[in-house]
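Colleague: Mind looking over this structure? Questions follow.
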Amino acid sequence: MYRNLKKFALGVVAGVTALSLVACGNDSETANASDVTKISLYSTGSQNVEAFWEKVIPMFEEENKEIDVELVFVPSGTGGQSTMDRIIAAKKSGEDSEVDIYEGSLADMIRSEEEGGLFYTLDQENIPNLKNVQEENLNGTNNLAVPYRASSVVLAYNSEKVSDVPNTADELYQWIKDNPGRFAYNDPSTGGSGSSFVLTTVYNQLPADAMNSQDESIMEDWDKGFDVLRDLAPSLYKEGVYPKKNQGTLDLLANGEVDMIPAWSDMALEQINKGLLPDTIKLKQIEPAFTGGPAYLMSVDNGVDDRKKAAEAFLNFVLTVDVQEVVIDQMYGYPGIKWDLLSDEDQEKFKDVSGGYRIFNGGELGSKLTEEWQKEVATQ
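Now the structure itself:
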């Protein structure tokens, strides 16, 4: 019996000791946890954008163990605007939106100014790697954003079928007429590649600075561009059939139903590399260029200094060569940093499409242009 009591007593002591150790451990873990700054990144886009952040965030947290980044991903078309509304509502009520980093657009920066300032001003003092950014991508940001990657619409063509590849927009329009049925662009309301074709065709007929105007009076000068689009329609795929979505035209190119289309550079490069498009498909930027632009990250002004510093550290990390290589290798996007900071191999991957793009700063005029296209071209 004594032996049993001794075993019981030893068991109790061991249990108490174990509990004490666990308690001490929990106290230590609690202390460590209290040293971690938690920030949130609200992003939107396609699945490849979500996959990009799921790779980059652990890379950052490995190097910055005192910062924990929560990704809140909103798929395209399902509520990006509601995130801005949340930030604005919090600003007006003096509350914390709990959004630390927001992936948005130039239009969001304009809205920020209208709402009295939603985002922090960013410069090389708080984001040293901004010195690495391509300068043209900072245009229009008013120092409110980090342009961390980009893409553009380019000409995609079947090199087996097309020998006289257009160099200019006018040469492209003539090629379409000379090769009836062999060119397609998607309905601009369903995807950016078709929208870019329509927009650049219309604005090619206007002064170069027109793409920076938000004055609705410019709509009176759209007629000449719509005349060009109507003139091209009978020479398009099936005499004016406009596929749905960016992928719709890529599918036509892949199966040989057409020989040339406008396409997003990142989508086309990815599908060429994965064998979804034949290796005979080549890419080229023409002059004047199609439209494109950066994706922007903004730091929300929540008035919380430790989170602000953590957000700045993350934004600075995104502009490192290591992360920019993920942009290239995983997203097939243009880097946010200057080309010459990248390896020769990475620069080679983009040699056919790195000739630049035009950024459309017309705001709501973009959607109005699509509406006019539906009336002036699609229904003709």
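In terms of mature numbering (1 follows the signal peptide of the UniProt record, and there is no 0), the sequence shown is residues -25 to -1, 1 to 355. Even for Gly, the Cβ is constructed at its ideal location relative to N, Cα and C.
Just to check my reading of the structure: residue 203 and residue 222 have Cβ atoms closer than 8 angstroms, yes? What is that Cβ distance to the nearest angstrom?
Modeller: In the sequence shown, the residue the question calls residue 203 occupies position 228. In the sequence shown, the residue the question calls residue 222 occupies position 247. Not confirmed; about 26 angstroms, so no contact.
Colleague: Considering only residues of the same chain and omitting the five flanking positions on each side of residue 239, which have a CB-CB separation below 7 angstroms?
Modeller: Here residue 239 is taken as the residue at index 264 of the sequence shown, counted from 1. Once the five neighbours on either side are set aside, the close Cβ partners of residue 239 are 126, 128, 167, 168 and 221.
Colleague: Residue 171: buried (16+ other C-beta within 10 angstroms of its C-beta) or exposed?
Modeller: Counted from its first residue, the sequence shown places residue 171 at position 196. Classification of residue 171: buried, given that the 10 Å Cβ count is 16 or more.
Colleague: Using 10 angstroms around the beta-carbon of residue -5, count the other beta-carbons present and answer buried if the total reaches 16, otherwise exposed.
Modeller: Within the sequence shown, numbered from 1, the residue matching residue -5 stands at position 21. Since pLDDT at residue -5 reaches only 39, below the 50 mark, its modelled position is unreliable, and the value read off the structure follows with that caveat. Looking at its Cβ environment, which holds fewer than 16 other Cβ atoms inside 10 Å, residue -5 is exposed.
Colleague: Keeping to the same chain, check which residues put their C-beta closer than 8 angstroms to that of residue 312; ignore five residues upstream and five downstream.
Modeller: Along the sequence shown, one-based indexing puts residue 312 at 337. Here the set comprises 104, 107, 108, 109, 294, 296 and 299.
Colleague: Can you check the segment 279 to 344 for any alpha helix (DSSP H) of at least 4 residues that lies completely inside it and give the ranges in chain order?
Modeller: Correct list: 280 to 293, 296 to 306 and 319 to 324.
Colleague: Would you call the segment 329 to 345 and the segment 179 to 194 touching, i.e. three or more CB-CB distances under 8 angstroms?
Modeller: These segments touch.
Colleague: Give me, in chain order, the residues of the same chain whose beta-carbon lies closer than 7 angstroms to that of residue 324; leave out the 5 immediate sequence neighbours on both sides.
Modeller: As a position in the sequence shown, residue 324 is number 349, starting the count at 1. Excluding positions up to five away in sequence, the list reads 303.
Colleague: Can you round the beta-carbon distance between residue 353 and residue 217 to whole angstroms, since I take them to be within the 8 angstroms contact cut?
Modeller: Position 378 of the sequence shown, counted from the start, is the residue given in the question as residue 353. Position 242 of the sequence shown, counted from the start, is the residue given in the question as residue 217. Contact flag correct, Cβ pair sits at about 7 angstroms.
Colleague: Going by DSSP, which residues form a beta bridge with residue 44?
Modeller: Sequence index remark: in the sequence shown, residue 44 carries index 69 (1-based). DSSP, once it has assigned bridges, lists 14 as partnering residue 44.
Colleague: Of the residues 185, 138 and 78, which one's Cα is nearest the Cα of residue 15?
Modeller: As a first step, residue 15 is located in the sequence shown; it is residue number 40 there, counting from the start. Comparing Cα positions, the closest option is 78.
Colleague: Counting only the same chain and skipping the five closest in sequence on each side, list residues whose C-beta sits under 6 angstroms from that of residue 97.
Modeller: Locating residue 97 in the sequence shown gives position 122, where the first residue counts as 1. Closer than 6 angstroms at the Cβ level, and outside the excluded window around residue 97, lie 118.
Colleague: Compare the Cα-Cα distances from residue 347 to each of 334, 205, 260 and 256 and report the closest residue.
Modeller: Sequence index remark: in the sequence shown, residue 347 carries index 372 (1-based). For residue 347, the nearest C-alpha among the options comes from 205.
Colleague: Is residue 2 helix, strand or coil when you go by DSSP?
Modeller: In the sequence shown, the residue the question calls residue 2 occupies position 27. Only weak support is given to the placement of residue 2: the predicted model assigns it a pLDDT of 46, under 50, and the value that follows is read from those uncertain coordinates. Residue 2 falls in the helix class under three-state DSSP.
Colleague: Based on the DSSP output, what are the partners of residue 258 in its beta bridges?
Modeller: Your numbering for residue 258 matches position 283 in the sequence shown. DSSP lists 131 as partners of residue 258.
Colleague: Are residue 292 and residue 35 touching if we call contact CB-CB under 8 angstroms?
Modeller: Against the sequence shown, residue 292 aligns to sequence position 317. Against the sequence shown, residue 35 aligns to sequence position 60. Going by C-beta atoms, residue 292 is nearer than 8 angstroms to residue 35.
Colleague: Distance check for residue 57 and residue 255, CA to CA, integer angstroms please.
Modeller: Position 280 of the sequence shown, counting from 1, holds the residue named residue 255. Position 82 of the sequence shown, counting from 1, holds the residue named residue 57. Taking the straight line from one Cα to the other gives about 42 angstroms.
Colleague: Suppose contacts are defined by Cβ-Cβ distances below 8 angstroms. Is residue 19 in contact with residue 49 by that definition?
Modeller: Walking along the sequence shown from the start, residue 19 turns up at place 44. Walking along the sequence shown from the start, residue 49 turns up at place 74. For residue 19 and residue 49, yes; Cβs fall inside 8 angstroms.
Colleague: In the DSSP assignment, find the beta strand (DSSP E) that holds residue 95 and state where it starts and stops.
Modeller: As a first step, residue 95 must be located in the sequence shown, where it is residue number 120. Segment: none, residue 95 is in no beta strand (DSSP E) and carries neither H nor E.
Colleague: Taking Cβ to Cβ, would you say residue 200 is nearer than 8 angstroms to residue 209?
Modeller: Position 225 of the sequence shown, counted from the first residue, corresponds to residue 200. Position 234 of the sequence shown, counted from the first residue, corresponds to residue 209. Against a cut-off of 8 angstroms, the Cβ pair of residue 209 and residue 200 comes out as no contact.
Colleague: If we count the other Cβ atoms within 10 Å of its Cβ and call it buried at 16 or more, is residue 64 buried or exposed?
Modeller: Within the sequence shown, the letter at position 89 stands for residue 64. Residue 64 is exposed by the Cβ-count criterion.
Colleague: Could you tell me which residues DSSP puts in a beta bridge with residue 63?
Modeller: Taking the first residue of the sequence shown as 1, we reach residue 63 at position 88. Its beta-bridge partners do not exist; DSSP assigns none.
Colleague: Considering only residues of the same chain and omitting the five flanking positions on each side of residue 229, which have a CB-CB separation below 6 angstroms?
Modeller: Working through the sequence shown from its first residue, we reach residue 229 at position 254. Excluding positions up to five away in sequence, the list reads 252.
Colleague: Which value, in whole angstroms, describes the spacing of the CA atoms of residue 245 and residue 70?
Modeller: Within the sequence shown, numbered from 1, the residue matching residue 245 stands at position 270. Within the sequence shown, numbered from 1, the residue matching residue 70 stands at position 95. Looking at the two C-alpha atoms, the distance is approximately 42 angstroms.
Colleague: If residue 273 and residue 94 are in contact, beta carbons under 8 angstroms, what's the gap, nearest whole angstrom?
Modeller: By 1-based counting over the sequence shown, the position of residue 273 is 298. By 1-based counting over the sequence shown, the position of residue 94 is 119. Indeed, because the Cβ distance is near 4 angstroms, the residues count as touching under 8 angstroms.
Colleague: What is the C-beta distance between residue 74 and residue 102, in whole angstroms, given that I count them as a contact (C-beta under 8 angstroms)?
Modeller: Position 99 of the sequence shown, counted from the first residue, corresponds to residue 74. Position 127 of the sequence shown, counted from the first residue, corresponds to residue 102. Going by Cβ atoms, the distance from residue 74 to residue 102 rounds to 18 angstroms, so no, they are not a contact pair.
Colleague: So, at 6 angstroms on beta carbons, what are the nonlocal neighbours of residue 322 in its own chain, with the 5 sequence-adjacent residues on each side left out?
Modeller: Numbered from its first residue, the sequence shown carries residue 322 at position 347. These residues qualify, in order along the chain: 314.
Colleague: Does the beta-carbon of residue 283 have 16 or more other beta-carbons within 10 angstroms, so that it is buried, or is it exposed?
Modeller: Taking the first residue of the sequence shown as position 1, residue 283 is located at position 308. Result: buried.
Colleague: According to the Cβ coordinates, are residue 265 and residue 332 closer than 8 angstroms?
Modeller: For the purposes of this step, residue 265 is taken as residue 290 along the sequence shown, with counting starting at 1. For the purposes of this step, residue 332 is taken as residue 357 along the sequence shown, with counting starting at 1. Their beta carbons are under 8 angstroms apart, which means residue 265 touches residue 332 by this criterion.
Colleague: How would you call residue 277, buried or exposed, if buried means at least 16 neighbouring beta carbons within 10 angstroms?
Modeller: On the sequence shown, residue 277 is found 302 positions in, with the first residue counted as 1. By the 10 Å Cβ count, residue 277 comes out buried.
Colleague: Go through its chain and collect everything with a Cβ distance to residue 173's Cβ below 6 angstroms, but skip five positions before and after it.
Modeller: On the sequence shown, position 198 is the one that residue 173 refers to. These residues qualify, in order along the chain: 163 and 348.
Colleague: So what does DSSP say about residue 163, is it helix, strand or coil?
Modeller: Along the sequence shown, read from residue 1 onward, the residue named residue 163 stands at position 188. Coil at residue 163, not helix or strand.
Colleague: What is the rounded straight-line gap between the Cα of residue 142 and the Cα of residue 258?
Modeller: Residue numbering aside, residue 142 sits at position 167 when the sequence shown is read from its first letter. Residue numbering aside, residue 258 sits at position 283 when the sequence shown is read from its first letter. Looking at the two C-alpha atoms, the distance is approximately 12 angstroms.
Colleague: Do residue 367 and residue 161 have their C-beta atoms closer together than 8 angstroms?
Modeller: Limits of the chain in this structure are -25 at one end and 355 at the other, which puts residue 367 out of reach.
Colleague: For a test of the three-state rule: what should DSSP assign to residue 227, helix, strand or coil?
Modeller: Translated into positions along the sequence shown, residue 227 becomes position 252. Correct three-state label for residue 227: helix.
Colleague: Please report the residue range of the beta strand (DSSP E) in which residue 235 lies.
Modeller: Within the sequence shown, numbered from 1, the residue matching residue 235 stands at position 260. Where residue 235 is concerned, the enclosing beta strand (DSSP E) stretches over 235 to 239.
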